[in-house]
Amino acid sequence: REDTTDMAIFKQIFIQKDYDFPINMNPKFIIDGGANVGYASLFFANKFPDAEIVAIEPEDSNFEVLQKNTSEYKQVKTIKAGIWHKKAKLKIVGTEWGKCGFMTKEVDTADTYDAKTITIDEILKQSKYDEIDILKLDVEGAEKEIFSSNYDSWLGKVNVLIIELHDRIKMGCSEAFYSAIKKYNFEETESGENIVLFKK
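Note that the numbering used here has the sequence shown beginning at 2, numbered continuously upward.
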């Protein structure tokens, strides 16, 4: 799509291979949070054909392309929602960053909204799995809310966590993230722009 960052994201995933690092397991359940148009989901679906993948994306035009891109992959389920720490309604703001750089902001239930929320705990409970083998989060600053509260129910059930932190967009993302994970036993590394945590 013209005037979008589709090609830059494609390059990160398929050329620079930001998500292509060794994993000592055969993942069964993967959550692609902030799926955009689905390139990460496609990468995971091809690398781990036996895995069930849930791709979450709140923005209308991105979600439409996500559905098209993943339509041939029966193991990929798409949900139009924003990942958040609680049930809420979200407005999409900051679109001057383009289709990949918008932010979501919680609004009152009476206000107009662009997407409903879903929590990571809800996604896990809706699945048939007890653990999340890979959780990928590229949620443009929503990680501040996700890791500020209500994470204890699911964070200990994540085997590999891939996250891009967005302090340049929303201050406090890194602080919330590192405060949340410190009591869990993760080993940290980096891949491209992502922090990667492996459960020890």
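All C-beta atoms in this analysis are idealised placements derived from N, C-alpha and C, irrespective of residue type, glycine included.
- Shortest Cα-Cα distance from Ser150 to any of Ile84, Val161, Phe103 involves Ile84.
- Ile57 is the residue among Val161, Ile57, Asp21 whose C-alpha sits nearest the C-alpha of Lys117.
- Contact annotation, Ile93 with Phe103: C-beta distance approximately 5 Å; criterion of less than 8 Å satisfied.
- Here Gly157 is exposed. Its C-beta has fewer than 16 other C-beta atoms within 10 Å.
- Looking at Met172, Ser154, Tyr179, Asp153, the one whose alpha-carbon comes closest to that of Ile164 is Tyr179.
- Listed as beta-bridge partners of Met104 by DSSP are Val94.
- Ranked by Cα distance from Ile31, the options Tyr130, Ile196, Thr113, Pro59 are led by Tyr130.
- Excluding residues up to 5 positions away in sequence, Phe49, Ala52, Asp134, Ile135 lie with their Cβ nearer than 7 Å to the Cβ of Pro28 in the same chain.
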